[in-house]
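Trainee: Handing you this structure, nothing more for now.
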Amino acid sequence: MQLHMLHLDDALLPQLRLMNACKLFSARETDVRTSGRVIRLWGGEDALRELAQMLPDFEQPTLTFSGSGDFHHVTALLLERLSQRVAQPFTLIHFDNHPDWVHFKVGMHCGSWINRVASLPAIAKAITIGVSSHDLDWPEFKRANLRLLCEGWLELFPYAHLPSRVWRQYGRGAGYTQRGHAIVWRTMTEMDETDFLRLLLSRINTDSIYITIDKDVLAEQEAITNWDQGWMKLEQLCGIVQALGDRFRIIGADVIGDYSRPAYGGGAWPVAMKRLESFIDQPRRRLGVGEVAACNEVSNLALLKTFQEVMA
């Protein structure tokens, strides 16, 4: 396994035990914080293309730590690079408190990147796990691309959620049934962990998988992020990753969802719009660097250990 520290912000640098552990793994570090300020939350195609050219190529399966969840759309750039060199289709496993499926017309948003990778022939299917956010409330009004569900390319298993109110018809899929104007989800909490794991493994029809983890899927006691958080426990998340690695070949993975104080670039208008968006969508917190680093370092080290075992 190759370890890659992608510094889009300052989130990882205060985690001294993590950084020391990465040195033991001969991690490659890529400092793109200047570009990170421009594409944080969302970025135009020119800025994204420029960042993509800065990303290194790896010949072996790579685990990338990327900082804040404001950068989850960078996963799409990693997947585009990976898809150019894999011979067989693979399944994308996506842990997140948000489905990241909104329509976004100009460039790419951290909440829209699933739509971008849906066009990659190398990805046979995506499975999103752990959502419990309000994104599933009236999803059509929130610009959700529910077409991916009814086409079967995307399967979504919330951690816990009430039925979603919709107007159009979307049929049924592995993770939901439509009853009138309601999508009734098949949630993790309605199954015990063994049954959910059995179901998840049965939904993967490729030999290889890619795993992306946004740590906002975790409960607040387990991680500190820039976003509202879900209910999954770290032990449960690591257990699922372990089970996936025991059954399938992991050809790559990334971990995001650390906290960093937002810093934007790219011009006055984008900066103003992003500040407004973060004010509306993100919780407002006053956090000390030491408190954040101590909490997130625990989850990052646990995930590093788990991936080292399953990607060795």
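For my numbering, add 876 to where a residue sits in the sequence shown, where the first one is 1. Cβ coordinates follow ideal geometry from the N, Cα and C atoms, glycine included.
Around the Cβ of SER1136, are there at least 16 other Cβ atoms within 10 angstroms (buried) or fewer (exposed)?
Mentor: Around the Cβ of SER1136, a 10 Å sphere holds 16 or more other Cβ atoms; the residue is buried.
Trainee: Tell me whether the beta-carbon of GLY912 lies closer than 8 Å to the beta-carbon of ASP933.
Mentor: Here GLY912 is not near ASP933, since their CB atoms are 8 Å or more apart.
Trainee: When you compare only the Cα positions, how much space is there between GLY1056 and ARG1023?
Mentor: Rounded to the nearest angstrom, the gap between the Cα atoms of GLY1056 and ARG1023 is 17 Å.
Trainee: Which same chain residues end up closer than 6 Å to ALA1119 when comparing Cβ atoms and leaving out the 5 residues on each side of it in sequence?
Mentor: LEU1073
Trainee: State the Cα-Cα distance for the pair GLN1054 and ARG904, rounded to the nearest angstrom.
Mentor: 46 Å
Trainee: Considering only DSSP beta bridges, list what MET881 is partnered with.
Mentor: GLU905 and PHE941
Trainee: Looking only at its own chain, which residues have a Cβ that is under 8 Å from the Cβ of ARG1048, when we skip the five neighbours before and after it?
Mentor: Closer than 8 Å at Cβ, skipping near neighbours: GLN1054.
Trainee: Please name the residue in ILE969, GLN929, GLN936 and ASP976 whose C-alpha comes closest to that of LEU953.
Mentor: GLN929
Trainee: Can you pull the DSSP bridge partners for TYR1135?
Mentor: DSSP lists no partner for TYR1135.
Trainee: Here's a check: name, in chain order, each residue in its chain whose Cβ is nearer than 6 Å to the Cβ of GLY1142, leaving out the five neighbours to either side.
Mentor: VAL914
Trainee: What is the DSSP secondary structure of ILE1100, counted as helix, strand or coil?
Mentor: coil
Trainee: Near TRP1145, which residues of its chain fall below 8 Å by C-beta distance, leaving aside the five closest residues on each side in sequence?
Mentor: none
Trainee: May I ask you to report which of helix, strand or coil DSSP gives THR951?
Mentor: helix
Trainee: Report the CB separation of ARG961 from TYR1140 in whole angstroms; it is logged as a contact under 8 Å.
Mentor: Contact flag wrong, Cβ pair sits at about 33 Å.
Trainee: According to DSSP, is GLN1054 part of a helix, a strand, or is it coil?
Mentor: strand
Trainee: Take every Cβ of the region 1037–1045, pair it with every Cβ of the region 1059–1067, and state whether three or more of those distances are shorter than 8 Å.
Mentor: yes
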